[in-house]
């Protein structure tokens, strides 16, 4: 039976990406779309590339009849999500794409996001949404917290290496390049074409980026001791995509073997032949992740490279993958679209 879907916050980039993917999903139907500031508009007016889909018009959240909805995707801003989700029916399955439920410790949430969490009981209930590592928990979840897109990319590079014990946990450096859509659709001066095109810049450097909370949480849990990494993201003048260069101490061949073994059965994770380099062009618009490993000229060091689409596998595609599990559908349903090239 077709599952009825609502998208809250459908007027943002992740909301549009959800609608684009679900449009060809064999077992999901979008029955409600919310967009507070754009309520009353059609989705085709907000996103002309979706004009042909015949989607419901945007409404305010309070106008949605959730008794007719099987699962809601919450693509709202940070802090807004926790307040909205707290008011939704308790039997409604929810996949949240914001940061509101990613961190298990309320003190850590307050540290990284600057305010106390207002729905601590829900925070305890949420399951972290990195699908390939929390699949069993997600199947039984009512509330799934999607990962940060940067956090997902970095974890795909490092988690299997912690599991296999093939790297020095005190020497992990992640250098990340992110497309501008990761900054959202709000009007921001530094994202104007004249100020962004033709250049690049680091942001939230020096241990200030909020996704470090996820790295700290997940890597330390996995290792059984505190793990702190160095992490610098860079804003790049392209629309979508993330490229990670993770610098680690360990034997390159053993690192490649650990990644290949861990992802051998994963549909969306492709480990390239040793020495091959991934590109954001090769995964654009898809739920696929390409992972590469090269040795360094310094013996005993390696670089792990990961390319994924921040709007798809980093956010909306991951959300649908998790929703498939929560609804008892095939995990890959609706997500096998090939990347767009060129």
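Residue numbers (my numbering): 176 to 517.
For each residue, glycine too, the CB sits at the ideal point set by N, CA and C.
Here the alpha carbons of residue 487 and residue 493 stand approximately 7 Å from one another. According to DSSP, residue 409 shares a beta bridge with 352, 377. For the region 261-337, the continuous alpha helix (DSSP H) assignments of 4+ residues that do not extend past its boundaries occur at 281-288, 295-300, 306-314, in sequence order.
In the DSSP assignment, the residues bridged to residue 417 are 353, 483. Here residue 247 is bridged, per DSSP, to 181, 269. Between the C-alpha atoms of residue 326 and residue 244 there is a straight-line separation of about 30 Å.
Among the bridge pairs identified by DSSP, residue 205 is matched with 180. For residue 470, the uninterrupted beta strand (DSSP E) run begins and ends at 464-470, by DSSP. In this structure the region 497-513 lies against the region 311-322, because at least three pairs of beta carbons, one per stretch, are closer than 8 Å. Within 10 angstroms of the beta-carbon of residue 293 lie fewer than 16 other beta-carbons, which makes it exposed. Residue 422 sits close to residue 348, with the two beta carbons spaced by under 9 Å. For the pair of segments examined, the region 416-435 was found to touch the region 463-481: the number of CB pairs separated by less than 8 Å reaches three.
Scanning 303, 210, 420, 346 for the CA closest to the CA of residue 250 turns up 210. In the DSSP annotation of this structure, residue 434 is not part of any beta strand (DSSP E); the continuous alpha helix (DSSP H) holding it starts and ends at 427-437. The closest CA to that of residue 387, considering only 278, 482, 339, 414, is found on 278. Rounded to the nearest whole angstrom, the C-alpha separation of residue 191 and residue 510 is 15 Å. Looking at the DSSP output, residue 477 bridges to 423, 470. Taking a cut-off of 8 Å for Cβ pairs, the region 388-401 and the region 414-421 do not touch, as fewer than three such pairs fall below it. Here the C-alpha atom of residue 258 lies approximately 11 Å from the C-alpha atom of residue 252. The three-state secondary structure of residue 221, taken from DSSP, is helix.
In terms of Cβ geometry, residue 320 and residue 304 form a close pair [threshold 9 Å]. The distance from the Cβ of residue 409 to that of residue 453 is about 17 Å, inconsistent with a contact at the 8 Å cut-off. In the three-state reduction of the DSSP assignment, residue 347 falls in the strand class. Under the DSSP definition of a beta bridge, residue 440 lacks any partner. Residue range 387-398 is occupied by the alpha helix (DSSP H) that includes residue 396. Nearest to residue 460 by alpha-carbon distance, out of 275, 513, 353, 446, is 513.
Its chain contains no residue whose beta carbon lies nearer than 6 Å to that of residue 338 once the 5 sequence neighbours on both sides are disregarded. In this structure, residue 401 sits away from residue 372, with a CB-CB distance that is not shorter than 9 Å. Counting every other CB atom within 10 Å of its CB across the protein chains shown gives residue 335 a total of 16 or more, marking it as buried. Taking the CA atoms as reference points, residue 185 sits about 17 Å from residue 268.
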